[in-house]
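Given below as structure tokens:
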């Protein structure tokens, strides 16, 4: 027979395990498409808008000129460009379909760059974007 103390202890351990597994499963979702780009002379990144499809709502932008990737998120008719660098201690971030994670200390951000779980206190760096001639331009020198 299980006593009350053992029952509560095992129940708490099971709950912690399920929480950890759920977080791991979300972080292990299908990888996002990575688009390798070069900087243009005016410090912008240009991505063809047709890279986004019905199934593709996010792209990871990578450039040799940047220390961290940028997550480009399609939000209805607009685009968010977020620097994938944690505002807590500067570690690289891991984007998923619904959140952005810092594997170093557990911070989480939504797809607009807002903090949803500390220790990070500041939102992610967000860059101005524009749709020009069926291309999405990310202005690296203009933060929003």
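Numbering (the numbering used here), first residue to last: 1 to 144.
Cβ coordinates follow ideal geometry from the N, Cα and C atoms, glycine included.
None of these values were measured; they are calculated from a predicted model.
- With respect to residue 74, residue 56 sits close: the two C-beta atoms are nearer than 9 Å.
- Counted as a single uninterrupted DSSP element, the stretch harbouring residue 122 is not any beta strand (DSSP E), since DSSP gives it neither H nor E.
- Buried is the label assigned to residue 100, since at least 16 other Cβ atoms lie within 10 Å of its Cβ.
- Shown here for residue 82: same chain residues with a beta carbon closer than 6 Å to its own, the five before and five after excluded, namely 71, 113, 124 and 126 in chain order.
- With contact defined as three or more Cβ pairs closer than 8 Å, the segment 58 to 69 and the segment 82 to 97 are in contact.
- Counting only residues of its own chain and dropping the five nearest sequence neighbours on each side, residue 4 has no CB closer than 6 Å to any other CB.
- By the CB criterion at 9 Å, residue 32 and residue 138 fall outside the cutoff.
- If you look at residue 81, you'll find it in the beta strand (DSSP E) that goes 78 to 83.
- Secondary-structure assignment with DSSP links residue 101 through a beta bridge to 94 and 108.
- Annotation: residue 51 is outside any beta strand (DSSP E) and is labelled neither H nor E by DSSP.
- By alpha-carbon distance to residue 34, the top candidate from 53, 63 and 6 is 63.
- Residue pairing of residue 137 in beta bridges, as defined by DSSP: 46 and 130.
- Going by DSSP, residue 66 is part of no beta strand (DSSP E) at all; its letter is neither H nor E.
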